[in-house]
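Asks: Could you have a look at this structure, given as structure tokens, before my questions?
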Amino acid sequence: MSLNPFPRSRNRGEGNPSNEDPRGDHTSEGREGVALEDQVLLKPWGQEATTAPGGDQAEQIHAIGPWSLAWRRLRRNKVALGFGCLFILLVALCFLAPVYSSDVAHIGPNQTNVTGTIKLNGKVTNVVSVDGIPIGPTLSSRYFFGADSEGRDLAVRLLYGGRTSLIIGAVATLIIIVFGTLVGLLCGFFRGPIDAILRPLMQLIWSFPPVILGVAVGTALALGGIGPIKGNSLLVPAVIIGVIYVPYLGLPIRGEVLRLGQQDFVDAARVQGMSPWRTMISEILPNAASTIIVFVPMMLAYAILLEAYLSFLGAGVQPPNSSWGTLISDGLQYIFTAPYLSLIPGAMLVLTVLSINVVGDGVRDALDPRAQLRIKT
Amino acid sequence: MARFIVRRTLSALALIFAISVVVFGIFEVIPAYNPARAIAGRNATQTTVNEVSRKFGFNRPFWVQYANTMKLIFTGQVIDYQYDLNVVDQFKERFPATLSLVVPAGIMWLIVSIVLGSVSALRVGRVSDRALMVLAILGVSIPVFLLAEVLLYLFAFKLKIFPNTGYVTFGTSPAQWAYHLILPWISIAVLSIGFYSRVLRSNLLDMVNQDFVRTARAKGLNQGRVFRRHVLRNSLMPIVTMFGLDFATLLGGAALVTETVFNIPGVGQYEAQAIGNLDVPPILVGAMFTGFFVALFTAATDIVYALLDPRIRLSG
């Protein structure tokens, strides 16, 4: 094992103490995620590490890898955990939309009911009054959050819309992570012509305000679609949002990879005869992983918000689909007569994005020990 | 300094050129986009469409079309396809409204962020610091249009403290101007305040432990002076960079959502309408307009950098 000059943090686990380099000197010049372990070895917090630096009882060394350490730290962050649970709850609710629609509300998301009546506290009430004012929140199984001007059940639409928003957010985030990482790795590791082409392209996208770029492309593509994808497909906004935010991950990853590429362990890999691609995948990528992970919740929050902006401006989700953005936009004209129509979807959107952001902050604090120290000062 | 100006002007021109080509190109490659059909109207016959296409030169090669459009823009003759208005005149006419919206909002958010960020850094872990954390994380979680809507509902409809929507020019009545713009200012500023003050806070906390701060204290400067002259001054850099870019894009029309919700006749509202109609000339001019401000404020940011930190020289 000692022949391996660049022990990566990932492979050094609790169960394999012989891998441990008790001096931890390789980490001192490393990136923060690795340095994190260093600090535990040198300055144990709590009972996490029982290592005495340079200690002679090698079999007693019981160090913890940075990933499980970060996980422990995250577990101790009760606020982040609470919001994490809230997020899971919201996601679960949105994905149960069809069940709610068919078994509780007994109405589809796009089913209008202008002339219908419901029984409320034993009284028969019009869903949409004669003056055209829809029924407010009933807090019962039908029209829990009230109806819109066409007698559609807001609660059902809210859950379906949330499902749409979340799906678009997730697909866009997937695109951002895959392509952002790929582009960042290629540019930062191979530099040269690849970098010369891709970096200005990313900077060009990056210098545009996302909302303006997204709305322009979104409106145009909503008309004709891209290739086999129809204009009103959910993939259109997802792809647009994904592409717009690729540089927001790609450029930082590129910087990180550039820095990592100059480290000794990369030279060591090359000297050992490792191919450049393999070096990139098995040496650079794991070391950039914590940066990428920090970006995942952030990008998900950004993507869901941008979707709301695009849909609000009519350039995102197209009918018959609806999302939180379109619901808020549709409700805006009734803001004074039926404010709940836009405020309830708005509250759902904010709760979701807020919980993602709080969890994201928790993840960042857990992975970046400097953030922890900063709070302690 | 002369070298700085020349190099910056050149790179600004390059940026504006690149932006214009890309925006023009996007609309060229979109299959469903046919400006001739849009101009000719909904029920136009194929002959009319062809005629319009010939008249506007949509059948010419890409570069010829691009060159013609650029010539029209720079001679101030370009018209939009939807309303036949002169685009450059529209921008000139609408820019004061955008300025009235963005400049006070920008000043507001910069000052408040610096104050809140400093307070929060000086009282780490106390209630005020935590409150700022909550504000900051809320700020990055609420879309502007929703905040604008909530403000309108609460203050214009429920409490009736502020007018509903609309815009009064400064020349007509400065008091009415401010009165109508307070809600829009708040909705732009509040969200940025959260983010900016939090960035400043973490920079300040990084800076407090630096050696030069200890030196400044050791040579007997009082705390206030150390904070203002050494800690704060050095922590402002990232804020200045962020502010330059955000402010530039807002001037160029990124306030389009706020302008739409509050019905303020600024460049953003015009761009939003143009985008909705797929009207290329205003979108193109808007993008170049934004590019101009981005270049201008990047240069301004570098000048402020040099003022904040004498070690930095203006080199371009």
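One line per chain: the protein sequences are A and B, in this order.
With this note's numbering applied, the first sequence covers 1475 to 1851.
With this note's numbering applied, the second sequence covers 25 to 340.
Positions of the beta carbon are idealized from the N, C-alpha and C atoms, including for glycine.
1. How long is the line joining the alpha carbons of residue 1554 (chain A) and residue 1837 (chain A), rounded to whole angstroms?
2. With 16 other CB atoms within 10 Å as the buried threshold, where does residue 113 (chain B) fall?
3. Starting from residue 1599 (chain A), trace the beta strand (DSSP E) in both directions and tell me its first and last residue.
4. Just tell me which of A:1789, A:1830, A:1736 and A:1729 has its CA closest to the CA of residue 1765 (chain A).
5. Check whether the Cβ of residue 278 (chain B) lies closer than 7 Å to any Cβ atom in chain A.
6. Under 7 Å Cβ-Cβ, which residues of chain B neighbour residue 1831 (chain A)?
7. Distance, Cα to Cα, residue 1754 (chain A) vs residue 1672 (chain A)?
8. Report the neighbours of residue 1685 (chain A) on chain B: residues whose CB is nearer than 8 Å to its CB, in chain order.
9. Can you tell me the Cβ-Cβ gap for residue 307 (chain B) and residue 126 (chain B), rounded? I've got them flagged as a contact below 8 Å.
10. Going along the chain, which residues of its own chain have a beta-carbon closer than 8 Å to the beta-carbon of residue 1599 (chain A), five neighbours each way excluded?
11. Below 7 Å between beta carbons is the criterion; list the residues of the stretch 256 to 273 of chain B that meet it against any residue of chain A, in chain order.
12. Could you name the residues of chain A that residue 173 (chain B) contacts, counting a contact when the two beta carbons are closer than 9 Å?
13. Taking 7 Å as the cut-off, decide whether the C-beta atoms of residue 1679 (chain A) and residue 1773 (chain A) are in contact.
14. Within 10 angstroms of its Cβ, does residue 1798 (chain A) collect 16 or more other Cβ (buried), or is it exposed?
15. Evaluate contact between the stretch 165 to 172 of chain B and the stretch 236 to 251 of chain B, counting only Cβ atoms and requiring at least three cross-stretch pairs below 8 Å.
16. Within 10 angstroms of its Cβ, does residue 1757 (chain A) collect 16 or more other Cβ (buried), or is it exposed?
17. Scan the stretch 1623 to 1688 of chain A and note each continuous alpha helix (DSSP H) run of 4 residues or more that stays entirely inside, going in chain order.
18. Could you round the C-beta distance between residue 1654 (chain A) and residue 1781 (chain A) to whole angstroms and report it? I think they count as a contact, below 8 Å.
19. Where DSSP assigns a beta bridge to residue 116 (chain B), which residues make up the other side?
20. Residues of chain A with CB under 9 Å from residue 300 (chain B), in chain order?
21. Alpha carbon to alpha carbon, how far is residue 1538 (chain A) from residue 1550 (chain A)?
22. Report the three-state DSSP secondary structure of residue 322 (chain B) (helix, strand or coil).
23. Taking buried to mean at least 16 other C-beta atoms within 10 Å of its own C-beta, is residue 227 (chain B) buried or exposed?
24. For residue 1767 (chain A), which residues in the same chain have their Cβ closer than 7 Å to its Cβ, ignoring the five residues on either side in sequence?
25. Does the stretch 136 to 148 of chain B come within contact of the stretch 211 to 231 of chain B, defined as at least 3 CB pairs closer than 8 Å?
26. Give the residues of chain A in contact with residue 177 (chain B), contact being defined as C-beta atoms less than 8 Å apart.
27. For my contact list, residue 278 (chain B) and residue 292 (chain B) are in at a C-beta cut-off of 8 Å; report their separation, rounded to the angstrom.
28. Touch check for the stretch 1784 to 1802 of chain A and the stretch 175 to 190 of chain B: three-plus C-beta pairs under 8 Å?
29. Does any CB atom of chain B fall closer than 7 Å to the CB of residue 1783 (chain A)?
30. Please name the residue or residues paired with residue 1777 (chain A) in a DSSP beta bridge.
31. At a Cβ threshold of 7 Å, is residue 146 (chain B) touching chain A?
32. Should residue 164 (chain B) be labelled buried (16 or more other beta-carbon atoms within 10 Å of its own) or exposed?
33. Give the range of the alpha helix (DSSP H) segment to which residue 1619 (chain A) is assigned.
34. Rounded to whole angstroms, what's the CA-CA distance from residue 80 (chain B) to residue 60 (chain B)? Just pull it up for me.
35. Name the chain A residues that come within less than 8 Å of residue 240 (chain B), Cβ to Cβ?
36. Would you report the Cα separation of residue 328 (chain B) and residue 1735 (chain A), rounded to the nearest angstrom?
Replies: This is what the structure gives:
1. Stepping through the first sequence from its first residue, residue 1554 (chain A) is reached at position 80. Stepping through the first sequence from its first residue, residue 1837 (chain A) is reached at position 363. One C-alpha to the other measures close to 8 Å.
2. Within the second sequence, residue 113 (chain B) is the residue found at index 89, counting from 1. Exposed: under 16 other Cβ atoms inside 10 Å.
3. Along the first sequence, one-based indexing puts residue 1599 (chain A) at 125. Element bounds for residue 1599 (chain A): 1597 to 1600.
4. Counting from 1 along the first sequence, the entry for residue 1765 (chain A) is found at position 291. The residue with the shortest Cα to Cα distance from residue 1765 (chain A) is A:1729.
5. Counted from its first residue, the second sequence places residue 278 (chain B) at position 254. Yes, its Cβ sits closer than 7 Å to a Cβ of chain A.
6. Position 357 of the first sequence holds residue 1831 (chain A). 161, 164 and 165, listed in chain order.
7. Within the first sequence, numbered from 1, the residue matching residue 1754 (chain A) stands at position 280. Within the first sequence, numbered from 1, the residue matching residue 1672 (chain A) stands at position 198. Cα to Cα, residue 1754 (chain A) sits roughly 18 Å from residue 1672 (chain A).
8. Counting from one through the first sequence, the residue named residue 1685 (chain A) turns up at place 211. Result: 278, 280 and 281.
9. On the second sequence, position 283 is the one that residue 307 (chain B) refers to. On the second sequence, position 102 is the one that residue 126 (chain B) refers to. With a Cβ gap of about 20 Å, residue 307 (chain B) and residue 126 (chain B) do not count as contacting.
10. Sequence index remark: in the first sequence, residue 1599 (chain A) carries index 125 (1-based). Result list for residue 1599 (chain A): 1591, 1592, 1593 and 1609, in chain order.
11. 273
12. For this step, residue 173 (chain B) is matched to residue 149 along the second sequence. Near residue 173 (chain B) (Cβ distances below 9 Å), the residues of chain A are 1802, 1805, 1806, 1809, 1813, 1816, 1817 and 1820.
13. The sequence position of residue 1679 (chain A) within the first sequence is 205, counting from 1. The sequence position of residue 1773 (chain A) within the first sequence is 299, counting from 1. Not in contact: residue 1679 (chain A) and residue 1773 (chain A) (Cβ atoms no closer than 7 Å).
14. In the first sequence, counting from the first residue as 1, residue 1798 (chain A) sits at position 324. Under this definition residue 1798 (chain A) is a buried residue.
15. no
16. Stepping through the first sequence from its first residue, residue 1757 (chain A) is reached at position 283. It counts as buried.
17. 1628 to 1664 and 1666 to 1681
18. Position 180 of the first sequence, counting from 1, holds the residue named residue 1654 (chain A). Position 307 of the first sequence, counting from 1, holds the residue named residue 1781 (chain A). Not really, about 18 Å apart at Cβ, beyond 8 Å.
19. In the second sequence, counting from the first residue as 1, residue 116 (chain B) sits at position 92. The partner list for residue 116 (chain B) (beta bridge, DSSP) is empty, contrary to what the question assumes.
20. Along the second sequence, read from residue 1 onward, the residue named residue 300 (chain B) stands at position 276. Under the 9 Å cutoff, chain A gives 1689, 1693, 1787, 1788 and 1789.
21. Taking the first sequence and counting its residues from 1, the one referred to as residue 1538 (chain A) is at position 64. Taking the first sequence and counting its residues from 1, the one referred to as residue 1550 (chain A) is at position 76. The alpha-carbon atoms of residue 1538 (chain A) and residue 1550 (chain A) are separated by roughly 16 Å.
22. Here residue 322 (chain B) corresponds to residue number 298 of the second sequence, with the count starting at 1. Residue state, collapsed to three classes: helix.
23. One-based indexing of the second sequence puts residue 227 (chain B) at position 203. It counts as buried.
24. Mapped onto the first sequence, residue 1767 (chain A) falls at position 293. Excluding sequence neighbours, residue 1767 (chain A) sits near 1837 and 1841.
25. yes
26. The residue given as residue 177 (chain B) occupies position 153 in the second sequence. Residues of chain A passing the Cβ test: 1809, 1810, 1813 and 1817.
27. Position 254 of the second sequence, counting from 1, holds the residue named residue 278 (chain B). Position 268 of the second sequence, counting from 1, holds the residue named residue 292 (chain B). That belief holds up - the Cβ atoms of residue 278 (chain B) and residue 292 (chain B) are roughly 7 Å apart, short of 8 Å.
28. no
29. For the purposes of this step, residue 1783 (chain A) is taken as residue 309 along the first sequence, with counting starting at 1. Yes, because at least one Cβ of chain B sits closer than 7 Å to the Cβ of residue 1783 (chain A).
30. If you number the first sequence from 1, residue 1777 (chain A) lands on position 303. None; residue 1777 (chain A) has no bridge partner.
31. Looking up residue 146 (chain B) in the second sequence gives position 122. Answer no: the Cβ-Cβ gap between residue 146 (chain B) and chain A never drops below 7 Å.
32. Sequence index remark: in the second sequence, residue 164 (chain B) carries index 140 (1-based). Residue 164 (chain B) comes out buried.
33. Position 145 of the first sequence, counted from the first residue, corresponds to residue 1619 (chain A). Element bounds for residue 1619 (chain A): n/a, residue is neither H nor E.
34. Within the second sequence, numbered from 1, the residue matching residue 80 (chain B) stands at position 56. Within the second sequence, numbered from 1, the residue matching residue 60 (chain B) stands at position 36. Spanning the two alpha carbons is a distance of roughly 8 Å.
35. As a working mapping, residue 240 (chain B) is identified with position 216 in the second sequence. What residue 240 (chain B) touches in chain A: nothing, since even the nearest Cβ is about 18 Å away.
36. Translated into positions along the second sequence, residue 328 (chain B) becomes position 304. Translated into positions along the first sequence, residue 1735 (chain A) becomes position 261. Approximately 33 Å, taken between the alpha carbons.
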